[in-house]
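Here the structure comes first, spelled out in structure tokens, and everything after it is commentary.
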Amino acid sequence: PALPSDWALRLSRVQPAGGFAVRAKQADHGQCPEVVLLLDEYLEFHRSVLARMQSGNPDLVKDKVLIYRCSALGFCGGHGDRLNGLLGVFLLAIVSRRAFFIDAPRPVP
């Protein structure tokens, strides 16, 4: 059997000030409590960014975003390439504390 990875602890050491804290709590989140906590914090952050964007007040929107874009004019590859790109951009959004969005007019080539 594979041993649990310590990537979350390594990630917490390289977080910039104000980034997401990876906390190891003894909660019942299966085998990856650090990942669950990280994703919970990101979800809360994303919801707050989205609420500020939808408020209509431009003074409230100071957050940075990261958008995965696959336009009809560009070549985005097949489903595997798109999924790989989506996952990579999503992880980059988490570690850089940016809201992640997808801009793709259609899901299939």
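Here the numbering used here is used: position 21 in the sequence shown is 71, and no number is missing along the way. Where is the CB? At the ideal position from N, CA and C, for every residue including glycine. From a predicted model like this one, the values you see are computed outputs, not experimental measurements.
Residue environment, residue i, which counts as buried when at least 16 other CB atoms sit within 10 Å
i    : result
L87  : buried
A143 : buried
V99  : buried
Neighbourhood of residue i by C-beta distance below 6 Å, restricted to the same chain and skipping five residues each side
i    : result
R148 : K114, V115 and L116
C120 : C126 and A154
I152 : Y118
Contact check, residue i vs residue j, beta carbons under 8 Å
i   : j    : result
L93 : Y118 : no
First and last residue of the uninterrupted alpha helix (DSSP H) at residue i
i    : result
A143 : H129 to V145
R149 : Sequence inspection shows Ala at residue 149; the Arg mentioned does not correspond to that position. That residue, A149, is in no alpha helix (DSSP H); its beta strand (DSSP E) goes A149 to D153.
P83  : P83 to Q104
Nearest-angstrom Cα separation, counted from residue j out to residue i
i    : j    : result
P155 : G124 : 12 Å
L141 : H96  : 13 Å
C82  : E91  : 15 Å
The beta strand (DSSP E) enclosing residue i, as first and last residue numbers
i    : result
V115 : V115 to R119
Spatial neighbours of residue i in its chain, beta-carbon cut-off 7 Å, leaving aside the 5 residues before and after
i    : result
V111 : R102 and M103
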